[in-house]
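Heads up, the thing below is written out as structure tokens.
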Amino acid sequence: MVMWRMKDCPKCGGDFFLDFDGSVLIDHCLQCGYIQSRPKEICPNCNIEMLIEEGDDGEFYYCLKCDYTKELHKVGSQ
Ligand SMILES: [Zn+2]
Ligand SMILES: [Zn+2]
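Our numbering applies: residue 22 is where the sequence shown begins, and numbers increase by one.
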């Protein structure tokens, strides 16, 4: 499991964490308890769930079958 922290809670603007384990993503705030699970990313080529990998530039979605990758956007960075 990897997690990172931002000052980005949509409710209170407090510290916001993103946990992920395999393909499950959960955003949560330690201050107000806000929790939001993210939808899984599906590979557009294979129509299967993609995993999350860590790279030099941060985390990204990765398809085991066709090597398709997609940047994982952190909360508040879009
Ligand atoms: Zn909050
Ligand atoms: Zn694929």
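We put the beta carbon where it would ideally sit given N, CA and C, even for glycine. In this text the structure is predicted, and so the values were computed from the model without any measurement.
With H, G and I counted as helix, E and B as strand and the rest as coil, what does DSSP make of residue i?
i	result
Lys32	coil
Excluding the 5 residues flanking residue i on each side, which residues of the same chain have their C-beta closer than 8 Å to its C-beta?
i	result
Lys30	In the sequence on display, residue 30 carries Cys and not Lys. So the list reads Asp36, Phe37, Cys50, Gln52, Cys53 and Tyr55, once near-sequence residues are dropped.
Ile47	Leu39, Asp40, Phe41, Ile56, Gln57, Ser58 and Arg59
Glu70	Ser44, Lys61, Glu62, Ile63 and Cys64
Considering only the alpha carbon of each residue, which of the options lies closest to residue i?
i	options	result
Asn66	Thr90, Phe41 and Lys32	Thr90
Gly79	Gly34, Cys33, Leu93 and Asn68	Leu93
Legend entry - beta strand (DSSP E) segments (min. 3 residues) lying fully within the region 37 to 98: 45 to 50, 56 to 59, 72 to 76, 79 to 83 and 90 to 92
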